[in-house]
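S.K.: Just so it is clear: in the sequence shown, position 63 is 85 by my numbering, and no numbers are missing.
Backbone N, C-alpha and C define an ideal beta-carbon position, used for all residues, glycine too.
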Amino acid sequence: MQNSNVIKIVQALKKRYPQKADMDLGNAADSLIATIMSARTTDVQVLKLFPSFRKKFPNWKKLATADVKDIAAAINTIGLYRNKAKSLKALAQKILKDFHGQVPDTMEELVTLPGVGRKTASCILSYAFHKPAIAVDTHVFRIARRLGWSKGKTPEKVEDDIKMLLPFKLWSDVNRTMVRFGREICIGGKRPKCWMCPVAKWCAFKPKTEKLISGS
Ligand code: SF4
């Protein structure tokens with residue numbers, strides 16, 4: 023695929039999805055906690071409990087010294103809440119101990135934090151520190167492969183392939199736009215909604231779908 027078409031795709035998606043990411047909550051601590059909570063859970067569920075959670079645990083110290091059971095009780099409406107409660111307490115302890123209470127701003131440091139993998143670290147670099155990064159979640163992984171940007175079988179390979187195609191300044195737009203695009207149009211399963219896709223003309227996916235008469 024020509025790089026110019028890759029750029030056109032990202033620009034078209036930026037135009038259609040100008041909003042910030044749901045887990046971009048305006049500061050590094052909130053964005054990091056919310057992004058960790060959002061694994062295998064909908065963003066809506068996280069946003070629903072987040073204000074009361076932060077009221078109960080307003081800073082790293084409160085979280086670091088809290089009983090894991092109390093943290094779990096505050097997030098028990100989301101998936102994997104017991105594991106996430108343990109991670110959040112350990113995260114707070116590590117940030118206080120090793121980073122003077124500040125969320126670090128490099129990939130190398132972020133991935134040392136409990137509950138933080140490369141995907142979450144990339145989100146935080148983009149949201150909180152405005153550094154170019156590509157978080158390859160399930161949407162980015164699927165869509166990049168359909169578009170023909172990558173044949174990679176791992177998120178790391180897909181991330182590397184996208185980085186080769188796009189200028190730095192567009193890296194952070196990939197996840198931000200494709201999460202919404204993947205929920206609405208280029209959905210998972212066998213029938214993405216190609217008939218309503220704003221980037222169909224540049225997409226390498228051969229069996230482009232058409233709207234069924236039944237509308238299903
Ligand atoms: S044309 Fe279809 S497969 Fe390609 S990006 Fe659009 S919705 Fe996805």
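#1: Using DSSP with H/G/I as helix, E/B as strand and the rest coil, what is A50?
#2: CA-CA distance, V28 and F79?
#3: Quick one: grab the DSSP three-state call for K223.
#4: Considering R76, what are the terminal residues of the alpha helix (DSSP H) in which it resides?
#5: Give the range of the alpha helix (DSSP H) segment to which H161 is assigned.
#6: Helix, strand or coil: which one does DSSP assign to I93?
#7: Under 7 Å, CB to any heavy atom of the ligand SF4. Which residues pass, going along the chain?
#8: Taking the alpha carbon of T176 as the point to measure from, which residue in F190, L188, M186 and D159 has its own alpha carbon closest?
#9: Specify the secondary structure class of S232 as computed by DSSP and reduced to three states.
M.R.: In short:
#1: The answer is helix: DSSP assigns A50 an H, G or I state.
#2: Put simply, the backbone Cα of V28 is about 43 Å away from that of F79.
#3: It is helical.
#4: The continuous alpha helix (DSSP H) containing R76 extends over residues D65 to K78.
#5: Segment T160 to L169, the alpha helix (DSSP H) holding H161.
#6: Correct three-state label for I93: helix.
#7: Taken from the N-terminal end onward, the list reads I165, R168, L169, I207, C208, P214, K215, C216, C219, V221, A222, C225, F227, K230 and T231.
#8: Checked all of F190, L188, M186 and D159; the closest Cα to T176 is D159.
#9: The question names Ser, but residue 232 is Glu in the sequence shown. Three-state result, E232: coil.
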